[in-house]
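With UniProt numbering as the guide, the letters of the sequence shown map in order to residues 1 to 415.
All C-beta atoms, glycine included, are put in the ideal place defined by N, C-alpha and C.
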Amino acid sequence: MDPFADTLRRLREAFSAGRTRPAEFRAAQLRGLGRFLQEHKQLLQEALAQDLHKSAFESEVSEISISQSEINLALRNLRAWMKDEKVPKNLATQLDSAFIRKEPFGLVLVIAPWNYPVNLTLVPLVGALAAGNCVVLKPSEFSRSTEKVLAEVLPRYLDQSCFAVVLGGPQETGQLLEHKFDYIFFTGSPRVGRIVMSAAAKHLTPVTLELGGKNPCYVDDNCDPQTVANRVAWFRYFNTGQTCVAPDYVLCSPDTQERLLPALQSAITRFYGEDPRSSPNLGRIISDKHFQREEIFGPILPIVNVRSLDEAIDFINRREKPLALYAFSNNKQVVKRVLAQTSSGSFCGNDGFMHLTLDSLPFGGVGASGMGSYHGKFSFDTFSHHRACLLRCPGMEKIYSIRYPPYSPRKLRVL
Ligand code: NAD
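Below you can see the structure in the form of structure tokens.
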């Protein structure tokens, strides 16, 4: 017995009937999503506290208000984003109409992880709904309390003929992936990203993969160690280090390390007190299993010594392309050199993940850290097929007939 077949059939029928296409319908879904966030903010904050010991401040800035501002942006711009985009024409198409139409893919699957369980489900959902798709949402089974709110409360705010939340871990998600979707948006580990991409390949389904990776943070000798330490400590320990764009290691000279270590200790003590375990501001690792695994996805910050900027750049370039890369220096040229001589999904000079606060920037990886991007209008474009359209003039056959055989040297000259 296939537990997903009925749900998927229902959603496909709604899409085929054109239910999700009108702008009014899309806007109503987005407004419903906004109401869900407003009316259940406290419930979500409590769920995030139960799952990750997330403070109300971190829940607000990195989960709830970021989702709300994506909704607001999409609502403000929906009609402009949906508009056909006129494109330049050549001599042969002067009398015609040429444009790109953004059309919904159809049935979209969004698979989310547990570390930002509201943000990483709802922000892609905003893009998928705005683009006029039917959506199946699969939250993570590890963030159980948030998963419960998303499964039990969220559907009441959306049209259930076009939207469904499905639950499960690897086995159920594997079963779900046997079905054909028209687009799959996955956020999670590179290991599972490969599983998702293989399953999608069987149906030739396009994917966005938002994956992980080890994000370097170069700290130049020419810097104020306390300012750097404050910024690095904040974004390393935010969500207890369980952030895909957090710096995974610092690259600096032994001299800078000596100045940085006491500054980091001072920042950590100021942020979380003498006994961080009793701090209401420090979260928790999601589960024992995640605590035990080797991969560092938590509040640990290795420091790797390098003798020069060249060595740091070489160290970065010998590894997989990271999701994010950071460089700290009072010398702008140093920051610009790191930017110019490396590659990563995103880059921020002299701070942590502040680039994520700009919905005018795409968010996504490159190489092993992922493919595709979203946020703001990039989300709408990700969930839309860009259909190339040319509407030809039905007359003018005499002029157009120059392209037909029999060909001749004269016809070639006219071209
Ligand atoms: P994960 O890959 O284990 O799980 C992600 C989702 O895939 C979950 O919904 C899970 O149920 C499902 N899943 C797990 N195993 C599966 C399988 N075998 N077949 C099908 N589906 C399966 O990731 P996670 O532990 O939930 O999240 C942490 C990872 O996500 C880290 O590697 C982190 O770097 C990455 N991440 C990336 C971003 C980004 O935006 N690029 C954001 C957050 C987290």
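Asked                                                                                                                                                                                                 : Found
Within 8 Å, do at least three Cβ pairs link the region 325-343 to the region 172-179?                                                                                                                 : no
Would you report the Cα separation of Q50 and P280, rounded to the nearest angstrom?                                                                                                                  : 12 Å
Between which two residues does the beta strand (DSSP E) holding I64 run?                                                                                                                             : It is not in any beta strand (DSSP E) - I64 carries neither H nor E in the DSSP assignment.
Check whether the Cβ of residue 423 lies closer than 7 Å to any heavy atom of the ligand NAD, and answer yes or no.                                                                                   : The question about residue 423 has no answer, for the chain in this structure spans 1 to 415.
In chain order, what residues of the same chain lie with their CB nearer than 6 Å to the CB of D182, ignoring the 5 residues before and after it?                                                     : F105, G106 and L107
Might you give, ordered along the chain, the residues of its own chain that have their beta carbon closer than 6 Å to the beta carbon of A131, omitting 5 neighbours on each side?                    : P104, F380, F383 and S384
Please determine, among V366, S253 and V123, the residue with the shortest C-alpha to C-alpha distance to L37.                                                                                        : V123
Considering only the beta carbon of each residue, do E102 and H386 sit closer than 8 Å?                                                                                                               : Checking the sequence shown, residue 102 turns out to be Lys, not Glu. Their beta carbons are under 8 Å apart, which means K102 touches H386 by this criterion.
Report yes or no: do three or more beta-carbon pairs, one from the region 243-262 and one from the region 315-326, lie closer than 8 Å?                                                               : yes
Looking at C-alpha atoms only, which residue of S189, N222, F238 and D221 is the closest neighbour of K214?                                                                                           : S189
What does a CB cutoff of less than 6 Å around N90 pick up in its chain, not counting 5 residues either side in sequence?                                                                              : none
Just list the residues that DSSP pairs G349 with in beta bridges.                                                                                                                                     : A327
Do you know offhand how far S287's Cα is from E141's?                                                                                                                                                 : 11 Å
Beta carbon of Y116: closer than 7 Å to some heavy atom of the ligand MN?                                                                                                                             : This structure lacks the ligand MN; its bound ligands are the ligand NAD.
Classify R387 as helix, strand or coil using the three-state DSSP reduction.                                                                                                                          : strand
Rounding to the nearest angstrom, what Cα-Cα distance links L109 and F185 in this structure?                                                                                                          : 6 Å
What residue from S369, L415, P3 and K411 has the CA that sits closest to R191's CA?                                                                                                                  : S369
According to DSSP, is V118 part of a helix, a strand, or is it coil?                                                                                                                                  : coil
Could you check which residue in R259, T240 and A312 has the C-alpha nearest to that of P299?                                                                                                         : T240
Please report the straight-line C-alpha distance between R231 and G352, rounded to a whole angstrom.                                                                                                  : 6 Å
Using 8 Å as the cut-off, can you tell me whether the region 23-37 makes contact with the region 153-167, which would need three or more C-beta pairs spanning the two stretches below that distance? : yes
For Q171, count neighbouring Cβ atoms within 10 angstroms of its own Cβ and tell me buried if that reaches 16, exposed if not.                                                                        : exposed
Output the boundary residues of the beta strand (DSSP E) element that contains T269.                                                                                                                  : Per DSSP, T269 belongs to no beta strand (DSSP E); it is in the alpha helix (DSSP H), P254 to Y272.
For G370, which three-state DSSP category applies?                                                                                                                                                    : strand
Report the CB separation of A229 from L260 in whole angstroms; it is logged as a contact under 8 Å.                                                                                                   : 6 Å
Under three-state DSSP, which class holds V250?                                                                                                                                                       : strand
Measuring only the C-alpha atoms, how far is V135 from P405?                                                                                                                                          : 49 Å
Under 8 Å, do T208 and G372 count as touching if we go by C-beta distance?                                                                                                                            : yes
Quick one: residues in its chain with C-beta nearer than 7 Å to the C-beta of R19, no 5 flanking neighbours on either side, listed in chain order?                                                    : F25, S161 and C162
Specify the secondary structure class of A131 as computed by DSSP and reduced to three states.                                                                                                        : coil
Mind checking whether the beta-carbon of G352 lies closer than 7 Å to any heavy atom of the ligand NAD?                                                                                               : no
Apart from the five residues on each side of it in sequence, which residues of its chain come closer than 8 Å, Cβ to Cβ, to D96?                                                                      : K89, L390, L391, R392 and C393
Assign S278 to one of two classes, buried (16 or more other C-beta atoms within 10 Å of its C-beta) or exposed (fewer than that).                                                                     : exposed
Should T342 and I303 be called a contact, given that it needs their Cβ atoms to be closer than 8 Å?                                                                                                   : no
Kindly give me the distance between the Cβ atoms of L48 and V118, rounded to whole angstroms, as I take these residues to be in contact under 8 Å.                                                    : 7 Å
List the residues that DSSP assigns as beta-bridge partners of E210.                                                                                                                                  : T187 and G370
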